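Undergrad:
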Amino acid sequence: MDTFELMAKKMNEMAPEERMKQIESLKAMCTCPGCPSYTICAKKARESLYCAMGKSFMCISEEKGCICPTCPVAKNLGLKNKFFCTRGAEKAQRYEHTLWGSTMV
257 MDTFELMAKK
267 MNEMAPEERM
277 KQIESLKAMC
287 TCPGCPSYTI
297 CAKKARESLY
307 CAMGKSFMCI
317 SEEKGCICPT
327 CPVAKNLGLK
337 NKFFCTRGAE
347 KAQRYEHTLW
357 GSTMV
């Protein structure tokens, strides 16, 4: 298991309150609002932590650049993907890559 898989397993075993505290801790490190793809709509909707929470619901549709690889959250969790705001959370992207046999970008 890699770092991401170990952290996902650990979080899955946490009580809901403890999991929420962990998520809030990750949000505090999140750099999504500084990304070129981040929009005013996303800011107003308080969207962030796409790598864990999933892609933007309705606010981000255009990839204007990506700072995911430099984010402390991505480094701490050992994330391998990017453009989480438009392509989905790490877990979702790994699943899709497994299904379709594509390589991670």
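For what it's worth, my numbering labels the leading residue of the sequence shown as 257, then goes sequentially.
Heads up, the beta-carbon is just placed ideally off N, CA and C, and yes, glycines get one too.
Remember, it's a predicted structure, so these values are computed and weren't measured experimentally.
(1) Measure from the alpha carbon of I316 to the alpha carbon of each residue in Q278, G357, R343, then state which is nearest.
(2) Please give me, in chain order, every unbroken run of the alpha helix (DSSP H) with length at least 4 that falls completely inside the stretch 268 to 293.
(3) CB F340 to CB C324, shorter than 8 Å?
(4) Could you compute how far the alpha carbon of K287 sits from the alpha carbon of W356?
(5) The alpha helix (DSSP H) with K331 in it runs from where to where?
(6) Helix, strand or coil: which one does DSSP assign to A345?
(7) Who are the Cβ neighbours of C322 in its own chain at under 6 Å, not counting the five residues just before and after it?
(8) With a cut-off of 8 Å on the beta carbons, I'd call K299 and P289 a contact; round off their distance for me.
(9) Is S293 closer than 8 Å to E318 when the C-beta atoms are compared?
(10) Straight-line CA distance for E352 to E261?
(11) Taking C-beta to C-beta, are K283 and L305 nearer than 8 Å?
TA: On the basis of the data shown:
(1) The shortest Cα separation from I316 among Q278, G357, R343 belongs to R343.
(2) Listed in chain order, the alpha helix (DSSP H) runs fully inside the stretch 268 to 293 are 272 to 285, counting runs of at least 4 residues.
(3) yes
(4) Here residue 287 turns out to be Thr, not Lys, going by the sequence shown. Their Cα atoms are separated by approximately 29 Å.
(5) 328 to 333
(6) When DSSP states are grouped into helix, strand and coil, A345 belongs to the coil group.
(7) The beta carbon of C322 lies closer than 6 Å to those of K338, F339 in the same chain, with the five residues before and after it left out.
(8) 6 Å
(9) yes
(10) 16 Å
(11) Between K283 and L305, the C-beta gap is smaller than 8 Å, which places the two residues in contact.
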